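One structure is given below, encoded as structure tokens.
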Amino acid sequence: MALERNPAGRLTAATVYTCPMHPEVRSDQPGDCPKCGMALEPQHSAPDDEEDDAELRDITRRLWIAALLTAPVFVIAMSHLIPALAGWENDPTRWLQFALATPVVVWAGAPFFRRGWRSIVTGHLNMWTLIAIGVGTAFVASATAMLAPDIFPPTMRHGAHAPIYFEAAAVIIVLVLAGQVLEGRARRRTGGALRALFDLAPPTARRLRDDGSDEEIPLEQIKTGDRLRVRPGDKIPVDGTVLDGRSSVDESMLTGESKPAAKATDDPVTGGTVNGAGGFTMRADRVGHDTLLARIIAQVADAQRSRAPIQSLADRVAGWFVPVVLVVAVATFALWWWLGPEPRLAFALVNAVAVLIIACPCALGLATPMSIMVGIGRGARAGILVKDAEALETLASITALALDKTGTLTEGRPRVVTLSAANNLSEDELLRLVAAVEQGSEHPLAAAIVRAARDRNLPLSAAADFATTSGGGVHARIDGREVAIGNAAFLEQRQVRDLAPLRERGVALQEQGQTVVFAAIDGTAAGLLGIADPVKPTTRAALDELRALGLQLHMLTGDDARTAATVARDLGLTSVDAGITPDGKIAKIKAWRAAGERIAMVGDGINDAPALAAANVGIAMGTGTDVAMHTAGLTLVKGDLLGLTRAIRLSRATLRNIRQNLVFAFAYNALGIPVAAGVLYPFFGLLLSPMLAGAAMSLSSVSVIANALRLHRADIG
């Protein structure tokens, strides 16, 4: 996604227009959805709060003009109910109703008729089909009564005149316009989280010159490697690394964690977060669309437009709903004209129009996408990055959780705590050779080894003939020597000599919770490294909450069984599979799924990516590798398992909200259509006016959106 600055200085994206109800519909310009007729909305843009969307401005203008013209039409039509206005219904006022209602229907309602006609031509019958037919029928019948009254036989007249329904046609247009305005404003609120994300990026940054002075430049001019000054209270402009200085940074807008994070030299900082009281200089490492904020914006926007599986229920219903409503409306007209009291035509027309208007399935279509949009936005504010709606829905029903160890349960920033060299090799030389092999790897253990070598200022040679065995180890040529690194089984497969003494030493370290990496040089055991990776401070509390949510917990790790057992015992985990390869993780997950479990996998490394894809839903730690995050359905931006408990609660709340919306929409139509058709008339003498039907139809859509907006306040911990 390409980000740019608008004239107001706000971060925006190249605009793609899509339909809220049919996200597969995409266009490079505004217009109407060819399937449902709804106005297409910008997918990634975040308009200023004071700037209304062009469609919303147009509908609002039509609403005010239509309301002013409709008010006298309604008063005249209802004058027979008000003694003081008796006699207002006469030829001049009938013509006045015609004159005032015509621009309301023809001009103000033009977008609705255009969408209705398009739905008929394309065969995608929708709510606009019903509105266009209903309002059009009432208006054409009324206009015919005014312009060619002799067409109507005396039995179809009410007194001396053929009946007119200008007030019904005009009021319905006004009510539908009002509903569209309310709906449009409510939908803008559902995108509030995305707009808030756009607002996180500052418009400018302060770049350091070579002479030590700084200059203020637009954000888009920052290049990788630039040195930037961040003053107290400033927003950090891009992702980078602290070069000099010390401060605390409020990262809550991206991670959901309220406690500021301390930052010092060599610590990473993220664009869009807010600096505290200290100042520092930083190096820009990722700019433009490569920053975490830009990727979050793109992913949130795409996810908000994705389709949840539960949407298919509404889609199947909508496929036959409109044709059935048309049949019901025709049957209503025929039955009232055949069996109804005089004037039969009036009763037949009014009730058929009421059926068409109240049956509009807009609420049904909005039930799922509105909840998804709000739920995903709510997650973004809590540090939960949802890739698509299906992942959010699936998470609500998981029964088991598979957890990687390194970087998931532990901090993922291990450090070398033990060095043991053999065969007269010095510890520094052992560390230098091993680090030279590992310097190209993204694995946290490899990073710890390289970091330890650099802390000792050891020179690292370039590796040649580098090769890796997934889940086992790596080997390469360093300064002409063959260096192999990995677990004991990996070295045994390579028939390394003199390994037994080192294995005994490794067992003792593993029982202390250290991860042991063995090294061999030219086919002979050369030493081992003990690496400690402390458990994250929040892991124990998160696991307790996950158990309380009813989940079975399993640890899957490639680490040694003794090390894994020590960590598992400390965390109260009883299901542990250690020394497992990426293929083994996939096999385990497939076996659990075959046994009926709905399982989520949590991991952070490249070796976890296949298992993330194999699970019902994959969850990546935001502190891990890009490969894991691309594969997963959800990313916990902070890399904290407490974020997973929030994600599960959010998922369940969102699915519950969707079901509430669907029940409301189905119940509304199931009850509204029979009432509009007149089933209560024989028993209670009650009929539903088309005007009331129009009001109910508009309010039903607004009610669904209002219910979805409640997710903003959902308690997810």
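Note that numbering that gives the first Met the number 0 gives residue 122 to position 123 of the sequence shown, counting from 1, and the numbers run on in steps of one. Quick reminder that beta carbons are idealized off the backbone N, C-alpha and C, glycines included. It should be emphasised that the depicted structure is a prediction, and the values quoted were computed from it without experimental measurement.
Close-in-space but distant-in-sequence residues of the same chain around residue i (CB under 8 Å, 5 per side omitted)
i, result
"residue 142", "97, 101"
"residue 491", "498"
"residue 53", "29"
"residue 208", "214"
"residue 480", "432, 520, 521"
Helix, strand or coil at residue i according to DSSP, with G and I counted as helix
i, result
"residue 414", "strand"
"residue 474", "strand"
"residue 657", "helix"
"residue 464", "strand"
"residue 618", "strand"
"residue 45", "Reliability of the predicted coordinates at residue 45 is poor, the pLDDT of 47 falling under 50, and the value obtained from them is presented with this limitation in mind. Residue 45 falls in the coil class under three-state DSSP."
"residue 386", "coil"
"residue 484", "strand"
"residue 637", "coil"
"residue 124", "coil"
"residue 278", "coil"
"residue 584", "helix"
"residue 376", "helix"
"residue 520", "strand"
"residue 164", "coil"
"residue 689", "helix"
"residue 235", "coil"
"residue 262", "strand"
"residue 221", "coil"
"residue 31", "strand"
"residue 547", "helix"
"residue 228", "strand"
"residue 358", "coil"
"residue 713", "coil"
Residue i - partner residues in DSSP beta bridges
i, result
"residue 553", "401"
"residue 267", "240"
"residue 419", "527"
"residue 293", "DSSP output for residue 293 lists no bridge partner at all."
"residue 216", "204"
"residue 600", "401, 617"
"residue 76", "Note: residue 76 sits in no beta bridge, so no partner."
Contacting residues, own chain, Cβ-Cβ under 7 Å from residue i (five flanking each side not counted)
i, result
"residue 715", "381, 645, 648, 649, 652"
"residue 711", "373, 377"
"residue 128", "115, 118, 119, 321"
"residue 334", "none"
"residue 557", "470, 578, 579, 580, 606"
"residue 237", "221, 270, 283, 285, 286, 290"
"residue 73", "166, 170"
"residue 347", "332, 335, 336, 339"
Selected residue, minimal CA-CA separation from residue i, among the options
i, options, result
"residue 655", "263, 366, 289", "366"
"residue 545", "395, 349, 338, 347", "395"
"residue 32", "205, 126, 107, 479", "126"
"residue 111", "149, 173, 99", "173"
"residue 674", "660, 662, 692", "692"
"residue 581", "471, 17, 274, 420", "471"
"residue 358", "665, 202, 681", "665"
"residue 672", "175, 204, 325, 197", "325"
"residue 720", "450, 411, 503, 586", "Past the edges of the chain, shown from 0 to 716, lies residue 720, and the structure says nothing about it."
"residue 540", "409, 658, 641", "641"
"residue 308", "429, 371, 458", "371"
"residue 57", "138, 176, 266", "176"
"residue 572", "401, 64, 239, 204", "401"
"residue 689", "514, 680, 137", "137"
Same chain, Cβ closer than 6 Å to residue i, neighbours up to 5 away in sequence not counted
i, result
"residue 55", "183"
"residue 713", "652"
"residue 634", "384, 619, 621, 628"
"residue 8", "Note on residue 8: pLDDT 46, under 50, position unreliable in the model; the coordinate value appears next. Closer than 6 Å at Cβ, skipping near neighbours: 202."
"residue 260", "248, 250"
"residue 631", "611, 617, 618, 619"
Beta-carbon proximity of residue i to residue j, cut-off 7 Å
i, j, result
"residue 115", "residue 140", "no"
"residue 250", "residue 272", "yes"
"residue 510", "residue 561", "yes"
"residue 235", "residue 268", "yes"
"residue 585", "residue 591", "no"
"residue 349", "residue 133", "no"
"residue 524", "residue 508", "no"
"residue 484", "residue 495", "no"
Cβ-heavy atom distance, residue i to the ligand ATP, below 6 Å
i, result
"residue 451", "Looking for the ligand ATP in the displayed structure turns up nothing, as the structure carries no ligands at all."
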